[in-house]
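**Student:**
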Amino acid sequence: MTKSLRGKSAIVGTGYYGLGSAPGFTPMDLIAGATARALEDAGLKMQDIDGICGGTFYHMFPTSSIAEYLGIRPKWSDCDQTGGSSFLSHFMQATMAIDAGICETVLIAYGSNLRQMRTFGIIDLTTFDQVYELMTPMPGFALCAARHMHEFGTTREQLAEVAVAARKWAQLHPDAVKKDPITIEDVIRSPMVSDPISRLDCCLVTDGGAAIIVTSPERAKDLKRPPVYFLGGAGALWGREVSQIADMTVSPAVESASRAYSMAGVTASDVDVVQLYDAFTINTIMFLEDLGFCKKGEGGAFVSGGRIAPGGELPVNTNGGGLSFAHPGMYGLFTLIEATAQLRGTAGDRQIKGAEIALAHGNGNVFCHEFTSILGTEAALT
Amino acid sequence: MSSAKSSLPLAPEAEFWKHLRDGRLMIQRSRSSGRYVYYPRLLCPGTGANDLEFVEIDKKGSVYTTTVVRRSDKDGGDYNVVLVNMDEGPRFLGRVMDVAPPNVTIGMRVVASIEKVAFGLYANTEQPIIVFRKA
Numbered sequence: 047m048t049k050s051l052r053g054k055s056a057i058v059g060t061g062y063y064g065l066g067s068a069p070g071f072t073p074m075d076l077i078a079g080a081t082a083r084a085l086e087d088a089g090l091k092m093q094d095i096d097g098i099c100g101g102t103f104y105h106m107f108p109t110s111s112i113a114e115y116l117g118i119r120p121k122w123s124d125c126d127q128t129g130g131s132s133f134l135s136h137f138m139q140a141t142m143a144i145d146a147g148i149c150e151t152v153l154i155a156y157g158s159n160l161r162q163m164r165t166f167g168i169i170d171l172t173t174f175d176q177v178y179e180l181m182t183p184m185p186g187f188a189l190c191a192a193r194h195m196h197e198f199g200t201t202r203e204q205l206a207e208v209a210v211a212a213r214k215w216a217q218l219h220p221d222a223v224k225k226d227p228i229t230i231e232d233v234i235r236s237p238m239v240s241d242p243i244s245r246l247d248c249c250l251v252t253d254g255g256a257a258i259i260v261t262s263p264e265r266a267k268d269l270k271r272p273p274v275y276f277l278g279g280a281g282a283l284w285g286r287e288v289s290q291i292a293d294m295t296v297s298p299a300v301e302s303a304s305r306a307y308s309m310a311g312v313t314a315s316d317v318d319v320v321q322l323y324d325a326f327t328i329n330t331i332m333f334l335e336d337l338g339f340c341k342k343g344e345g346g347a348f349v350s351g352g353r354i355a356p357g358g359e360l361p362v363n364t365n366g367g368g369l370s371f372a373h374p375g376m377y378g379l380f381t382l383i384e385a386t387a388q389l390r391g392t393a394g395d396r397q398i399k400g401a402e403i404a405l406a407h408g409n410g411n412v413f414c415h416e417f418t419s420i421l422g423t424e425a426a427l428t
Numbered sequence: 058m059s060s061a062k063s064s065l066p067l068a069p070e071a072e073f074w075k076h077l078r079d080g081r082l083m084i085q086r087s088r089s090s091g092r093y094v095y096y097p098r099l100l101c102p103g104t105g106a107n108d109l110e111f112v113e114i115d116k117k118g119s120v121y122t123t124t125v126v127r128r129s130d131k132d133g134g135d136y137n138v139v140l141v142n143m144d145e146g147p148r149f150l151g152r153v154m155d156v157a158p159p160n161v162t163i164g165m166r167v168v169a170s171i172e173k174v175a176f177g178l179y180a181n182t183e184q185p186i187i188v189f190r191k192a
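Protein sequence lines correspond, in order, to chains A and B.
The first sequence runs 47 to 428 under the working numbering.
The second sequence runs 58 to 192 under the working numbering.
1. Nearest chain A C-beta to L150/B closer than 8 Å, yes or no?
2. Please list the residues of the stretch 328 to 342 of chain A that have a C-beta atom closer than 9 Å to any C-beta atom in chain B, keeping them in chain order.
3. What does P159/B touch in chain A if you count any residue whose Cβ is under 8 Å from its own?
4. Below 8 Å on the Cβ atoms is my guess for T60/A versus D96/A; work out the distance and round it to an integer in Å.
5. How about E179/A: is its C-beta nearer than 8 Å to some C-beta of chain C?
6. Alpha carbon to alpha carbon, how far is G351/A from E207/A? Give it in angstroms, no decimals.
7. Does DSSP put E264/A in a helix, a strand or coil?
8. Quick check on the DSSP output: what are the complete beta strand (DSSP E) runs of length 3 or more inside the stretch 327 to 412 of chain A, in order along the chain?
9. Going by other Cβ atoms of all chains shown within 10 Å of its Cβ, with 16 needed for buried, is M58/B buried or exposed?
10. Can you check which of these residues, C248/A, P272/A and T330/A, is closest to E424/A by C-alpha distance?
11. Answer with yes or no whether the minimum CB distance from F174/A to chain B is below 8 Å.
12. List, in order along the chain, the chain A residues whose C-beta lies closer than 7 Å to that of F176/B?
13. Determine contact between the stretch 365 to 373 of chain A and the stretch 234 to 251 of chain A, defined as no fewer than three beta-carbon pairs at a distance below 8 Å.
14. Taking DSSP's pairing of strands, which residues face H76/B in a bridge?
15. Output, in chain order, the set of chain B residues within a Cβ distance shorter than 7 Å of L277/A.
16. Give every residue of the same chain whose Cβ lies closer than 8 Å to the Cβ of T173/A, excluding the five residues on either side of it in the sequence, and list them in chain order.
17. Near P69/B, which residues of its chain fall below 8 Å by C-beta distance, leaving aside the five closest residues on each side in sequence?
18. Per DSSP, which one or two residues make a beta bridge with W215/A?
19. Skipping 5 residues on each side, what residues in its chain have a beta carbon closer than 6 Å to that of A385/A?
20. Please report the distance separating the alpha-carbon of M163/A from that of N107/B.
21. I'd like the span of the beta strand (DSSP E) that includes V152/A, first residue to last.
22. Counting beta carbon pairs with one atom in the stretch 293 to 302 of chain A and one in the stretch 323 to 340 of chain A, are three or more of them shorter than 8 Å?
23. What's the C-alpha gap between D75/A and R83/A?
24. Considering V138/B, what are the terminal residues of the alpha helix (DSSP H) in which it resides?
25. So T122/B contacts chain A; which residues on that side make the cut at Cβ distance below 7 Å?
26. Secondary structure at M238/A, three-state DSSP: helix, strand or coil?
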């Protein structure tokens, strides 16, 4: 029997910095900018941080670089690197460290100047991917999308619904990078990049930094913002290479979700607002299936008719997601930031009324690692 | 496994490439479980069995999924990447060489072919790789 981590930590501060284009800023500058805003949001000082998690595409020793830049000597640090899902994994690991009394207040941070550098900087493209020039992740997701369309009849119009919904949500967020209106027709007519994925099926390429502050539930109660509690979390790790995926229409999210729901004591139907790592439109469709919001193969039909757009039945990616809000190379941390805004009730025009339980889900590589987090308000905790 | 450096066998990947240079489509199979293993490894995944041996496999298979990676003509033009389910079970990453990229379809019957190529890691070298041609 696993000791439950339900309610053993809370997010008390969030921040982001330099979203879009940030010429001249290094990834560490962007992390620092986001950290300052997250501390300000929490009403905490740099000296309060005694744990650090994080990672970038560019640092082999990211927590060392973050600690040194910020002038912190943390009691605990961790930099599990699973791709964009890493930061949700860090959230659970921070919860474990806090619950164990190893540290009390953890910074989780990410920064990238991807737009300036024009390169992901991934240094371990696998041998066979290099042999055939499968420049993952994008063509890897295209191979999954093609198979999903073949098996279930998912259409490009249905994929496009995801991009259109994301753009409509982004229009309600003051800091979203892309807000110009798009239609399903626009998405379908945008140039192909790796069939069946077209340019508007792809996430943005932006700069930006993000940070959250996680602390103990006891300390969280004394801070200025309503705590957003960790209710449950789980990761599932199935591999690394595209060629090794057994079934390209199913992601490890089926496994991470069931364990996260179990820890939180909720099911998909209890979730008020959903934040998914939408690197490509197919990701949102597959995650809605694998996380239990609809049956396998029905994700395309599920998102149709604006069901996940503003005013729809299920609010998904209410900040506009990686497709329209921002995507500085790895997006995972932004799912937690938007979930926090929704549960605090501070999401402005895009606020989901009475949101008490949020799901934040991160993906790493091509459906290789998935991490599902369930977050809740004080009312959801008790 | 021997501990003496001098008696180490050819590394798994090195042996795989050597068989291709000899014109043979050989991949690993576990003696105990009969499972095919690709890419080449030292141990059988899952069981950890230290009993992988290279065996020749039949060249026929079907396209499991396919994409056209779009690229400007200046950079070499569009190309195809597929995953192929071999009739005997294993799955290979590859390219279909003799069909225009958008005309490669899921389920298409293909045959593995060992060829020197002008793309990727082994572009314009003496090392041939596995590619596919329409059956």
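Glycine included, every Cβ here is placed at the ideal spot set by N, Cα and C.
The structure displayed is predicted, hence computed values, not measured ones.
**Tutor:** With the structure as the only source:
1. Closer than 8 Å: yes.
2. Of all residues in the stretch 328 to 342 of chain A, none has a C-beta nearer than 9 Å to a C-beta of chain B.
3. For a Cβ distance threshold of 8 Å, residue set D241 of chain A lies close to P159/B, ordered along the chain.
4. The pair is not a contact, with the Cβ atoms about 19 Å apart (cut-off 8 Å).
5. Structure shown: chain C not included; protein chains present are A and B.
6. About 8 Å.
7. Of the three classes helix, strand and coil, the one that applies to E264/A here is helix, per DSSP.
8. Runs of the beta strand (DSSP E) inside the stretch 327 to 412 of chain A: 403 to 410.
9. Because the pLDDT at M58/B is just 49, under 50, the model does not fix this residue reliably, and the value given afterwards should be weighed accordingly. With fewer than 16 other Cβ atoms within 10 Å, it is exposed.
10. Closest by C-alpha distance to E424/A, out of C248/A, P272/A and T330/A, is P272/A.
11. Taking 8 Å as the CB threshold, F174/A lines the interface with chain B.
12. Correct list: E179.
13. Result yes; three or more Cβ-Cβ pairs closer than 8 Å.
14. According to DSSP, H76/B bridges with nothing at all.
15. Those within 7 Å of L277/A in chain B number zero; the least Cβ separation is about 33 Å.
16. So no residue of the chain qualifies.
17. The answer, listed in chain order, is Q85, P97, R98, L99 and L109.
18. According to DSSP, W215/A bridges with nothing at all.
19. For A385/A, where only same-chain residues beyond five positions count, the Cβ hits under 6 Å are Q321, A404, A406 and L421.
20. Approximately 44 Å, taken between the alpha carbons.
21. From DSSP, the beta strand (DSSP E) with V152/A extends over T151 to S158.
22. Contact between the stretch 323 to 340 of chain A and the stretch 293 to 302 of chain A is present, with at least three C-beta pairs closer than 8 Å.
23. As the crow flies, the alpha-carbon of D75/A is around 13 Å from that of R83/A.
24. V138/B -> not in any alpha helix (DSSP H); beta strand (DSSP E) instead, spanning Y136 to M143.
25. Chain A residues near T122/B: L189, A192, R193 and M294.
26. Here M238/A sits in strand by DSSP.
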